[in-house]
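Note that the sequence shown covers residues 3 to 327 in the working numbering. No residue lacks a Cβ here, since even glycine has one placed at the ideal position from N, Cα and C.
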Amino acid sequence: MPVGVLGSGKYSPERRLTNQELETMVETNDEWIVTRTGIRERRIATPEQATSDLAYEAAVRALAAAGITADQLDLIIVSTVTPDMFFPSTACIVQEKLGAKNAAAFDLSAACTGFIYGLANASGLIATGMYRYALVIGAETLSRITDYTDRNTCILFGDGAGAVVLGQVPEGRGFRSFKLGADGGGSELLALRAGGSRLPASETTVAEKQHFLYMNGRDVFKFAVRIMGSAAEEALELAGMGKEDIDLLIPHQANIRIIQSALERLELPEEKCMINVDRYGNMSAASIPVALAEAVEEGRVKEGDRLLMVGFGGGLTWGASMLVW
Ligand code: ACO
Numbered sequence: 003m004p005v006g007v008l009g010s011g012k013y014s015p016e017r018r019l020t021n022q023e024l025e026t027m028v029e030t031n032d033e034w035i036v037t038r039t040g041i042r043e044r045r046i047a048t049p050e051q052a053t054s055d056l057a058y059e060a061a062v063r064a065l066a067a068a069g070i071t072a073d074q075l076d077l078i079i080v081s082t083v084t085p086d087m088f089f090p091s092t093a094c095i096v097q098e099k100l101g102a103k104n105a106a107a108f109d110l111s112a113a114c115t116g117f118i119y120g121l122a123n124a125s126g127l128i129a130t131g132m133y134r135y136a137l138v139i140g141a142e143t144l145s146r147i148t149d150y151t152d153r154n155t156c157i158l159f160g161d162g163a164g165a166v167v168l169g170q171v172p173e174g175r176g177f178r179s180f181k182l183g184a185d186g187g188g189s190e191l192l193a194l195r196a197g198g199s200r201l202p203a204s205e206t207t208v209a210e211k212q213h214f215l216y217m218n219g220r221d222v223f224k225f226a227v228r229i230m231g232s233a234a235e236e237a238l239e240l241a242g243m244g245k246e247d248i249d250l251l252i253p254h255q256a257n258i259r260i261i262q263s264a265l266e267r268l269e270l271p272e273e274k275c276m277i278n279v280d281r282y283g284n285m286s287a288a289s290i291p292v293a294l295a296e297a298v299e300e301g302r303v304k305e306g307d308r309l310l311m312v313g314f315g316g317g318l319t320w321g322a323s324m325l326v327w
């Protein structure tokens with residue numbers, strides 16, 4: 003039997019950080035942010051909330067939607083660039099919170115593409131017969147690695163989590179293709195440089211703000227525009243489908259202009275695209291699962307619909323997947 007999504011869920015912290023508020027923090031303005039990025043507000047976790055707390059909330063909702071209990075899970079994957087700590091993995095912390103005592107658990111690092119990488123891993127393991135049910139979560143508290151004195155980056159990012167439960171689905175449904183890619187040659191374009199074995203935390207790394215996310219926005223933008231279209235086309239081709247077969251595009255929500263360029267390349271009208279970047283900003287690995295869960299909640303996805311998910315991110319990495327709901 004094919005492997006597909008049995009249920010989805012999302013969680014967004016309540017606190018909204020608006021463009022107007024950012025205007026009081028850095029030299030920027032609402033008009034610049036909206037025209038360059040499409041973002042109007044983002045959600046920010048409370049000081050008490052870490053990534054596993056957001057992940058847990060999304061997971062509870064996905065399990066309820068799938069109609070299975072936590073102890074039925076065989077596997078938990080958390081895709082994130084903002085884990086609670088280096089180790090233990092955030093997935094182990096979520097496993098404990100859920101009481102998913104029969105599940106293996108690990109984190110996956112592929113930045114904004116992490117959720118699609120997670121889906122590919124989990125669905126492959128289920129397809130081999132090794133596991134029956136897997137929970138794949140994309141969760142981030144990017145506010146913790148954002149420098150709120152840097153206008154180039156602080157306007158872009160937000161916190162949130164999305165989750166899906168994967169399992170066997172009837173013939174005709176499920177994942178039809180995955181296209182994953184990486185180019186470590188672009189590893190310096192997007193990075194959190196310090197705190198690892200290359201550059202351990204020290205007074206100097208703190209003074210030089212090297213524990214905040216670094217981004218070369220212009221180069222990432224060019225890469226994103228190129229790769230979103232080509233990854234999407236390759237996933238379609240692997241699925242034996244064409245552009246006309248897409249019922250809903252669920253792109254990584256980094257910037258409205260990047261999404262619009264993907265729509266142009268795929269010759270799709272905006273109605274066939276899930277867009278929520280205006281309300282959440284870029285939530286890295288959480289963006290695609292939150293958009294998917296929101297599309298389901300809004301009734302925009304019905305059984306048999308062909309969904310194309312596509313994302314890009316630090317690494318550099320990219321990924322796309324065709325899924326029949
Ligand atoms: N408000 C006002 N002006 C600003 C702001 C701001 N918030 N930020 C930058 N500017 C200024 C710049 O300083 C620059 O001024 P200059 O020409 O005098 O130097 C000017 O605006 C234009 O800057 P650009 O970088 O050319 O602006 P651009 O149109 O490229 O938009 C942006 C910048 C939004 C960052 C864009 O490059 C982008 O979206 N890049 C991709 C980002 C992305 O997707 N990142 C993914 C991260 S995912 C992950 O892995 C966590």
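Should F225 go down as buried or exposed, given a rule of 16 or more other Cβ atoms within 10 Å for buried? buried
Over what stretch of residues does the beta strand (DSSP E) that includes D109 continue unbroken? A106 to L110
Using the beta-carbon count (16 or more within 10 Å), is T48 buried or exposed? exposed
For Q97, the first and last residue of its enclosing alpha helix (DSSP H): T92 to L100
At the level of alpha carbons, what is the spacing between K245 and R267? 10 angstroms
Buried versus exposed call for T82 [16 or more other C-beta atoms within 10 Å across all chains shown]: buried
Any idea if V80 is buried or exposed, counting beta-carbon neighbours within 10 angstroms, 16 or more meaning buried? buried
Please state whether DSSP places R42 in a helix, a strand or coil. coil
Looking at C-alpha atoms only, which residue of Q262, T151 and P271 is the closest neighbour of I248? P271
Do S179 and A241 have their C-beta atoms closer together than 8 angstroms? yes
Please report the Cβ distance between A68 and I139, rounded to the nearest whole angstrom; I am assuming they are in contact, meaning their Cβ atoms lie under 8 angstroms. Not quite, the Cβ-Cβ distance comes to about 13 angstroms (not below 8 angstroms), so this is no contact.
Skipping 5 residues on each side, what residues in its chain have a beta carbon closer than 6 angstroms to that of G9? A64, A67, A68 and V167
Verify the contact flag: W327, CB atom, against every heavy atom of the ligand ACO, threshold strictly below 7 angstroms. no
Residue range of the beta strand (DSSP E) that K181 falls in? G176 to A184
Whole-angstrom Cβ separation of A122 and L318, contact assumed at under 8 angstroms? The Cβ separation is near 17 angstroms, so there is no contact.
Endpoints, alpha helix (DSSP H) assigned at I79: It is not in any alpha helix (DSSP H) - I79 instead sits in the beta strand (DSSP E) that spans L77 to S81.
So, for Q2: in the same chain, excluding its five sequence neighbours on each side, which residues have a beta-carbon less than 7 angstroms away from its beta-carbon? Residue 2 lies beyond the stretch modelled for the chain, which goes from 3 to 327, so this question has no answer here.
Measure the C-alpha to C-alpha separation of G12 and A293 and round it to an integer number of angstroms. First, the amino acid is wrong: residue 12 is Lys here, not Gly. Roughly 9 angstroms separates the two Cα atoms.
How many Å lie between M217 and T151 at the Cα? 14 angstroms
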